[in-house]
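Chemist:
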Ligand SMILES: Nc1ncnc2c1ncn2[C@@H]1O[C@H](COP(=O)(O)OP(=O)(O)O)[C@@H](O)[C@H]1O
Ligand SMILES: Nc1ncnc2c1ncn2[C@@H]1O[C@H](COP(=O)(O)OP(=O)(O)O)[C@@H](O)[C@H]1O
Ligand SMILES: [Mg+2]
Ligand SMILES: [Mg+2]
Ligand SMILES: [Mg+2]
Ligand SMILES: [Mg+2]
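Protein chains in written order, with our numbering: chain A, 3 to 341; chain B, 3 to 341; chain C, 3 to 214; chain D, 3 to 214.
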């Protein structure tokens, strides 16, 4: 089955994507080394501020590179599609963004990433750079709560970038930025549903498929099998099932304030996200949970995968303030004014 | 073939989408009448400023409703999927947004829309509201240049909203806002390619299909047949063919300044848009055309259609200034600061 | 004739909506494929509106059901349907009783409204090519002293011929014109909708001619 | 043995890359389906790096080719491959000549590196379950005075058995653990990759044993 993709040589997808981003927003980002995959803010390093490094496989834009910018992450290593970046690039990024106050690593809990970032942090420490790590692990379906450390990170890691990024921008120290990131990650829960698979360009054939009319609850953003395959439910049923699993997990309780993110995995249209949000917001209202801010759109995609996820982040006053702080990236729908 | 859509009752798609948007961004928009489809800025009418009304079929978000906001349109009528809104709703919107300085109608050149908007404007004039109309007709493949008035509007109408919206926000009068809109529309050229069809929810079956491995050059955003069906080309070839048709049409010449928009029709991933932009920006550089600003993402979608379009808008100094002016909508990636 | 308009509209709803897929398929070939939904949603709204229109003057019945259609399913076809019904209704506004002798006048007013609104001409491959010959045929038959049933049969026959003739035409306006040459060979969807509607009207007339 | 490392790596590239689809398919069932690409891109980078490594100390050949693999195709498998090669290389750093007697030591250092990096245990359904028995078998055969060819055969046989044994295991770490019970019944992709690599190494040893 041929791919429905607008690309050139499949092995050039990652580099040409980065080239396009650099061409589109001159000055916003810079490459550390023309031949490699480390990218940092145009104005990095920023002396006297904690830097945030992220990274992961390509194929998830705006995740990860799209979350580099003022009030967000400082640098990013870009892997091949759905594959970890190399520890070499991570080390280069770490050195290039360090402003003397240490570096926070913030990325998803995937073994390729963790092992490469661990390797990079060991090398960075040798160079005298203090590194702390926070792992996104918001996907409630990826492991039972008792094994929360095994859970994978999905779209909800956005709250980590926004909240920790604001903390770093505000001049907080590494411990405080790390604490902000941990607070964001530990208070976020996500769940996704996939209506189709996706094809890694270099593989040429879909690694995963979901038949039309079917859905897979809990499928991961690389097509990791989920909890259940079954007939496609209605938007209201899907929103209900997701919140039934998300809300008790933290748990979220009446009186809580939360931010909500409804994310398209790629092919799912904006209209459908709003239909999902419409139901989710009703459920939250009924449970006494007030929505501080809603994010709806593409935040962590899987190329042309059809499907969506809902992420909910419980906020305290400090987190709400950090979430509202200005931030800028050409990929982010949040205004400089914080609107 | 069952649909890959997260929806409830297909006949409720439009209303539940609007409900979700209103729930997600409280205060941003308001409904004129709870039972109908006219929506306006939360702070409309704005006394002493020209208002801009738009509208069109659902299924294209962020077009049209997403382009209502400060520095953009003032109100919008929402039709059923791929169908015109009714003249009743258009008239209601017109009355509700008129700030005493007249109303500009800005929408795509589709007969259902033009006939309904014409009907609405006749009724509005009876009510003493001056209405002027600008039609988006940027799609170069929809008619030869000699019959430019027959061309349809696609993603390039975004430049109309941004430029005319800034002119209205700046307090220009109706003639000047109309002139700004006309300048934007007449200096914009677009071309699209579709890699799949799309299914109107209420129809349940795809009205149009493009086989995997094939592409249709010039297909419209409702699946209107294009100029050529053939095997899927590479991104570089597609960008080349598009610019070969777009650039001579205005024509764009060496020394020109332009804004570029690379739009996903829905399922096409951000990565692919950047690969397209990468080539397009090289071609423009080679032709001596300088890019003032690039917009890349979902600007006018066709639900889950796979494909992309490129739009180019030639700018003079005034248009560039208006394009750079701040604007806000939860759907728009342009900062209040104009970045 | 105050029963005729609701009766005919109900007949259209009952007989045309089940053929919506035919309209969708034609519109998919040279348009955007929504005409089936348009007619389904539009006629549903018309039937809902009929409750309040029973016994009202024919003029109101026509214009209000036209507006209901377009409010529910605005589109080229919707606004043209509404325009035709509003102009047709205006043609008999204030008339105490409306009968077979008024049909041609209503039709001519509707046709003029369609041409004002859509700015198309006969031969452009639109619903005009179905409706205009039907009105002419009805008028001629009526003037020749034919019965309502006979005049209706003549109108529908002319409409069917006009609709078929659109197959060979190249579209000159609106969406179908974007397909250019490729529009040749496909029967115009809007003309087809008009034909199906008139066929439904004919069946009502056949069953109810005695009462009209 | 400075020819052995490049020779074996080239053999791996030639013999394993054509089987990349097998790895992709296994990884699609319990992982993310990228292992075929990882091995293809990684081994391509290794072969490219070999040009500069001819004649270099075995320690450098091992560690640098491992780093080249992970730079081109970082991933769980990539970083583990790199870690194993770097630790294996470090085990013979500074040694003037490296021979069959060093293989087990290199293997044990690599294995320890894998366990430090991945924090997995034998039986967790990973490539450790393919590699650990291979090293033990080589070591035992070598200590029993077997030839290099015989020790290699024993190692590959143990590796194949270990790899097969992963079919019945339930994954306890990393991506495959997310599938839970569903991981049972599928041969571990990483273990399979190690097995294919050792099989390629064996073929090189058979052809070149005289020179080593
Ligand atoms: N300008 C026009 N004047 C008269 N009829 C027209 C005109 N344009 C289109 N039509 C008719 O409308 C039909 C299409 O209706 P519809 O599907 O509602 O259009 P759209 O989906 O483009 O809004 C065409 O088949 C044709 O008969
Ligand atoms: N913690 C670990 N320790 C050792 N081996 C592991 C570990 N996690 C995974 N593996 C091995 O890696 C293989 C998957 O490699 P790869 O496809 O590169 O992973 P990913 O795509 O998740 O980054 C598994 O089949 C398993 O053999
Ligand atoms: Mg992977
Ligand atoms: Mg339509
Ligand atoms: Mg249509
Ligand atoms: Mg894998």
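Just so it is clear, CB atoms sit at the ideal spot from N, CA and C, and this is done for glycine as well. Since we're looking at a predicted model, the values are computed, not measured.
Verify whether the separation of the beta carbon atoms of residue 86(A) and residue 140(A) is less than 8 Å.
Modeler: As a first step, residue 86(A) is located in the first chain; it is residue number 84 there, counting from the start. As a first step, residue 140(A) is located in the first chain; it is residue number 138 there, counting from the start. Cβ distance not < 8 Å, so residue 86(A) and residue 140(A) don't count as in contact.
Chemist: Measure from the C-beta of residue 7(B) to each C-beta in chain A and report whether the shortest distance is under 8 Å.
Modeler: Position 5 of the second chain, counted from the first residue, corresponds to residue 7(B). At least one chain A Cβ lies under 8 Å of residue 7(B).
Chemist: Identify the contact partners of residue 202(A) in chain F, using a Cβ-Cβ distance below 7 Å as the criterion.
Modeler: Absent here is chain F; the protein component of the structure consists of chains A, B, C and D.
Chemist: Quick one: does residue 205(B) have its CB under 8 Å from some CB of chain C?
Modeler: Along the second chain, one-based indexing puts residue 205(B) at 203. Output row for residue 205(B): interface = yes.
Chemist: How would you list, in chain order, the residues of chain D whose beta-carbon sits under 8 Å from the beta-carbon of residue 107(A)?
Modeler: Position 105 of the first chain, counted from the first residue, corresponds to residue 107(A). Result: empty, since nearest Cβ-Cβ is about 15 Å, beyond 8 Å.
Chemist: Below 7 Å CB to CB, which residues in the same chain sit around residue 342(A) once its five sequence neighbours on both sides are set aside?
Modeler: For residue 342(A) there is no data in the structure shown, the boundaries of chain A being 3 and 341.
Chemist: Could you tell me which of 9(B), 154(B), 186(B) sits nearest to residue 165(B), measuring between CA atoms?
Modeler: Within the second chain, the letter at position 163 stands for residue 165(B). When each option's Cα is compared against that of residue 165(B), the closest is 186(B).
Chemist: Where does residue 239(B) land, buried or exposed, given buried means 16+ other C-beta within 10 angstroms?
Modeler: For the purposes of this step, residue 239(B) is taken as the residue at position 237 of the second chain. Counting Cβ neighbours within 10 Å, residue 239(B) comes out exposed, since fewer than 16 surround it.
Chemist: Spatial neighbours of residue 258(B) within its chain, please: CB distance less than 7 Å, with the 5 preceding and 5 following residues excluded, ordered by chain position.
Modeler: Locating residue 258(B) in the second chain gives position 256, counting from the first residue. Apart from the 5 residues on each side of it in sequence, residue 258(B) sits with its Cβ closer than 7 Å to the Cβ of 291, 316 in its chain, given in chain order.
Chemist: Please check if any C-beta of chain B sits within less than 8 Å of the C-beta of residue 268(A).
Modeler: Counted from its first residue, the first chain places residue 268(A) at position 266. It does; some Cβ of chain B falls within 8 Å.
Chemist: Taking only three categories from DSSP, how would you classify residue 134(D)?
Modeler: Taking the fourth chain and counting its residues from 1, one reaches residue 134(D) at position 132. In this structure, residue 134(D) counts as helix in the three-state DSSP scheme.
Chemist: On the criterion of 16 or more Cβ atoms from any shown chain inside 10 Å, does residue 339(A) qualify as buried, or is it exposed?
Modeler: As a working note, residue 339(A) is residue 337 in the first chain. Confidence in residue 339(A) is poor, its pLDDT being 38 and thus under 50, which makes the residue's placement too unreliable to answer from.
Chemist: Is it right to say residue 47(A) is buried, meaning 16 or more other beta carbons lie within 10 angstroms of its own, or is it exposed?
Modeler: The residue given as residue 47(A) occupies position 45 in the first chain. Buried, since its Cβ has 16 or more Cβ neighbours within 10 Å.
Chemist: Whole-angstrom Cβ separation of residue 275(B) and residue 310(B), contact assumed at under 8 Å?
Modeler: Along the second chain, read from residue 1 onward, the residue named residue 275(B) stands at position 273. Along the second chain, read from residue 1 onward, the residue named residue 310(B) stands at position 308. Yes, residue 275(B) and residue 310(B) are in contact; Cβ-Cβ is about 6 Å, under 8 Å.
Chemist: Suppose you measure from the CA of residue 287(B) to the CA of residue 288(A); what does that come to, to the nearest Å?
Modeler: If you number the second chain from 1, residue 287(B) lands on position 285. If you number the first chain from 1, residue 288(A) lands on position 286. Whole-angstrom Cα-Cα distance: 55 Å.
Chemist: Along chain C, which residues have their Cβ under 8 Å away from the Cβ of residue 144(B)?
Modeler: As a first step, residue 144(B) is located in the second chain; it is residue number 142 there, counting from the start. 180, listed in chain order.
Chemist: Of all Cβ atoms in chain A, is any one closer than 8 Å to the Cβ of residue 194(D)?
Modeler: The residue given as residue 194(D) occupies position 192 in the fourth chain. It does not; no Cβ of chain A falls within 8 Å.
Chemist: What residue from 145(A), 71(A), 219(A), 226(A) has the CA that sits closest to residue 237(A)'s CA?
Modeler: Along the first chain, one-based indexing puts residue 237(A) at 235. Of 145(A), 71(A), 219(A), 226(A), the residue nearest in Cα terms is 219(A).
Chemist: Can you tell me whether residue 33(A) is helix, strand or coil according to DSSP?
Modeler: By one-based count along the first chain, residue 33(A) stands at place 31. In the structure shown, residue 33(A) sits in a strand (DSSP, three-state: E or B).
Chemist: Mind checking residue 128(B): buried by the 16 CB within 10 Å criterion, or exposed?
Modeler: On the second chain, position 126 is the one that residue 128(B) refers to. Burial call: exposed.
Chemist: For the 8 Å Cβ check, are there 3 or more pairs between the segment 161-171 of chain D and the segment 181-188 of chain C?
Modeler: no
Chemist: Excluding the five sequence neighbours on either side, which residues of its own chain have a C-beta within less than 6 Å of the C-beta of residue 62(A), listed in chain order?
Modeler: Against the first chain, residue 62(A) aligns to sequence position 60. Correct list, in chain order: 302, 303.
Chemist: Which value, in whole angstroms, describes the spacing of the CA atoms of residue 165(D) and residue 24(B)?
Modeler: The residue you call residue 165(D) lines up with position 163 of the fourth chain. The residue you call residue 24(B) lines up with position 22 of the second chain. Looking at the two C-alpha atoms, the distance is approximately 56 Å.
Chemist: Inspect the beta-carbon positions of residue 121(D) and residue 174(D) and report whether they are closer than 8 Å.
Modeler: Your numbering for residue 121(D) matches position 119 in the fourth chain. Your numbering for residue 174(D) matches position 172 in the fourth chain. Result no, Cβ atoms of residue 121(D) and residue 174(D) do not sit closer than 8 Å.
Chemist: Tell me which residues of the segment 103-137 of chain B have at least one Cβ-Cβ distance to chain A shorter than 8 Å, keeping chain order.
Modeler: none
Chemist: Within the same chain, show all residues whose beta-carbon is closer than 6 Å to that of residue 171(C), passing over the 5 residues directly before and after it, in chain order.
Modeler: To locate residue 171(C), count along the third chain from 1; it is residue 169. For residue 171(C), where only same-chain residues beyond five positions count, the Cβ hits under 6 Å are 127.
Chemist: Can you give me, in chain order, the residues of the segment 214-228 of chain B that have a beta carbon less than 8 Å from any beta carbon in chain C?
Modeler: 222, 224, 225, 226, 227
Chemist: Looking at chain D, is there any beta carbon in it that lies within less than 8 Å of the beta carbon of residue 82(A)?
Modeler: Taking the first chain and counting its residues from 1, one reaches residue 82(A) at position 80. For residue 82(A), the closest Cβ of chain D is nearer than 8 Å.
Chemist: Strictly below 8 Å CB to CB, what residues from chain B border residue 120(C)?
Modeler: Taking the third chain and counting its residues from 1, one reaches residue 120(C) at position 118. The contacting residues are 113, 117.
Chemist: For residue 203(A), which of 30(D), 5(D), 39(D) has the nearest alpha-carbon?
Modeler: Along the first chain, one-based indexing puts residue 203(A) at 201. For residue 203(A), the nearest C-alpha among the options comes from 39(D).
Chemist: For a test of the three-state rule: what should DSSP assign to residue 263(A), helix, strand or coil?
Modeler: Stepping through the first chain from its first residue, residue 263(A) is reached at position 261. Three-state DSSP puts residue 263(A) in a strand.
Chemist: Indicate whether residue 282(A) and residue 245(A) have their beta-carbon atoms separated by less than 8 Å.
Modeler: Position 280 of the first chain, counting from 1, holds the residue named residue 282(A). Position 243 of the first chain, counting from 1, holds the residue named residue 245(A). The answer is yes: Cβ separation under 8 Å.
Chemist: Could you run through the segment 76-96 of chain D and flag, in chain order, every residue whose CB is less than 9 Å away from some CB of chain A?
Modeler: 76, 77, 78, 79, 80, 81, 82, 84, 85
Chemist: Quick check on the contact list: which residues have their beta carbon closer than 5 Å to a heavy atom of ligand 6?
Modeler: With 5 Å as the limit, the residues whose C-beta approaches any heavy atom of ligand 6 more closely are 29(D), 33(D), 34(D), 36(D), 37(D), in sequence along the chain.
Chemist: Spell out a yes or no on whether the segment 3-18 of chain D and the segment 194-208 of chain D are touching, meaning 3 or more CB-CB pairs, one atom from each, closer than 8 Å.
Modeler: yes
Chemist: Considering only the beta carbon of each residue, do residue 57(B) and residue 66(B) sit closer than 8 Å?
Modeler: Residue mapping note: residue 57(B) aligns to position 55 of the second chain, counting from 1. Residue mapping note: residue 66(B) aligns to position 64 of the second chain, counting from 1. Yes, Cβ-Cβ distance for residue 57(B) and residue 66(B) is below 8 Å.
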